[in-house]
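What follows is a short report on a single structure.
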Amino acid sequence: MTLSAIIVDDEPHARQALERMLGECLHIAIIDRCENGLAAVKAVHKMQPDVLFLDIQMPKLDGFDVLELLGEAAPPVVFVTAHDDYAIRAFENNAVDYLLKPVAKARLQACVDRLHTRLQTSTPQDDNTMANLLTVHQQANTPINRILVREKGDVHVVMTRDIIALEAADDYVVIHTEQQKLIKQERLNKLETRLDPRQFCRIHRSAIINLDYLAGIETETKDSRLANLKNGMQLAISRTGYSKLVQLL
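Sequence positions in the sequence shown follow the UniProt record's numbering and run 1 to 249.
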């Protein structure tokens with residue numbers, strides 16, 4: 001069995017060096033090379049490689065951003081890093097392989113051998129390693145300052161400071177900014193845990209607001225209130241949400 005692989009690195013010499021070394025390894029063939037995270041996401045969906053050699057430190061979309069955008073479509077990943085100590089600890093704890101730059105030939109062959117054995121004895125459906133690693137990374141990097149949204153082949157990077165409100169829509173979240181409305185496939189409960197609780201308030205089971213965009217609170221009845229936002233939106237406030245809001249204001 002020969003493994004198909006994609007190399008992702010923003011540095012041309014690093015891509016070329018890794019490709020040259022992999023060319024000398026057994027059981028693996030390079031089917032594409034990508035210079036940025038967005039190209040990697042598109043290539044994986046199109047070519048469905050057995051493994052992804054993924055640089056961590058890249059501009060715009062880093063390695064973990066790529067992993068998040070791929071979601072369940074992510075193949076086994078070998079992360080390539082120069083100095084990310086946290087990432088190394090996370091990889092070791094989650095049985096994910098990694099390569100330190102500059103990559104050593106013996107280390108690379110050992111990595112390929114492990115991948116070859118692993119893919120012959122397990123299936124992607126049985127392996128939650130990538131999802132577990134992403135969860136560990138997100139928990140260690142909370143609160144977030146941006147949200148990634150993949151929409152019709154494009155990737156939107158939304159800074160949290162620009163978010164006016166978020167609304168639940170089944171398994172999706174509608175993200176409102178002054179310029180646009182985007183839909184992200186993630187539950188509001190999960191996204192809430194990654195937001196800054198000093199900046200964002202869950203005013204209702206179906207809505208979170210950015211306090212910077214709160215214009216006022218309108219009382220309709222004793223137990224019925226609306227949050228008036230600076231863009232003209234009005235969102236219902238539950239009793240529990242009102243208690244949280246009062247504590248933050």
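Where a beta carbon is used, it is the ideal one built from N, C-alpha and C, also for glycine.
Do you know whose CA, among the options, lies nearest residue i's CA?
| i | options | result |
| --- | --- | --- |
| Val-173 | Leu-188, Thr-240, Ile-163 | Leu-188 |
| Lys-101 | Gly-241, Gln-234, Asn-145, Ala-14 | Ala-14 |
| Val-103 | Asp-55, Leu-61, Thr-135 | Asp-55 |
| Ser-243 | Gly-232, Leu-235, His-204, Tyr-213 | His-204 |
| Leu-182 | Ala-74, Ile-147, Leu-69, Pro-49 | Ile-147 |
| Glu-24 | Leu-108, His-83, Pro-59, Gln-48 | Leu-108 |
| Gly-71 | His-83, Ala-40, Pro-59 | Ala-40 |
For a quick check, are the C-beta atoms of residue i and residue j less than 8 angstroms apart?
| i | j | result |
| --- | --- | --- |
| Arg-202 | Glu-186 | no |
| Val-80 | Leu-52 | no |
| Ala-165 | Leu-229 | yes |
| Val-155 | Leu-61 | yes |
| Met-1 | His-27 | yes |
| Asp-50 | Leu-18 | no |
| Leu-69 | Pro-143 | no |
| Ala-207 | Glu-167 | yes |
| Gln-45 | Ala-73 | One point to set straight first is that residue 45 is His, not Gln, in the sequence displayed. Yes. |
In its own chain, which residues sit with a C-beta less than 8 angstroms from the C-beta of residue i, not counting the 5 before and 5 after it?
| i | result |
| --- | --- |
| Glu-220 | Leu-226 |
| Arg-239 | Asp-223 |
| Leu-248 | Arg-198, Cys-201, Leu-211 |
| Asn-145 | Met-159, Thr-160, Arg-161 |
| Leu-22 | Ala-5, Ile-7, Ile-28, Ile-30, Phe-53, Leu-108, Val-112 |
| Gln-234 | Glu-218, Leu-226, Ala-227, Asn-228 |
Leaving out the 5 sequence neighbours to the left and right, which residues in its chain are closer than 6 angstroms to residue i when beta-carbon positions are compared?
| i | result |
| --- | --- |
| Glu-35 | Asp-10 |
| Gln-125 | With a pLDDT of 45 at Gln-125, under the threshold of 50, the modelled position of this residue cannot be trusted; read the value that follows with caution. Hits under 6 angstroms: none found. |
| Lys-42 | none |
Please list, in chain order, all residues of the same chain as residue i whose beta carbon is under 7 angstroms from its beta carbon, the five residues on each side excluded.
| i | result |
| --- | --- |
| Ala-215 | Asn-228, Leu-229, Lys-230 |
| Asp-171 | Gln-185, Arg-187 |
| Gln-120 | Met-1 |
At a cut-off of 7 angstroms, would you count residue i as near the ligand NAD, judging by its Cβ distance to the nearest heavy atom?
| i | result |
| --- | --- |
| Gln-180 | For the structure depicted, the ligand NAD is absent and the ligand set is empty, with no information on it obtainable. |
| task | Could you tell me whether the region 62-75 touches the region 26-33, where touching means 3 or more Cβ pairs closer than 8 angstroms? | result | no
| task | Go through the UniProt domain "HTH LytTR-type" (147-249) residue by residue and report every complete run of the alpha helix (DSSP H) that reaches 4 residues or more, in order. | result | 188-192, 239-248, all fully within the UniProt domain "HTH LytTR-type" (147-249).
| said: To test your reading of the DSSP string, which unbroken beta strand (DSSP E) runs of 3 or more residues are found completely within the UniProt domain "Response regulatory" (4-116)? | reply: 28-34, 51-55, 77-81, 98-100
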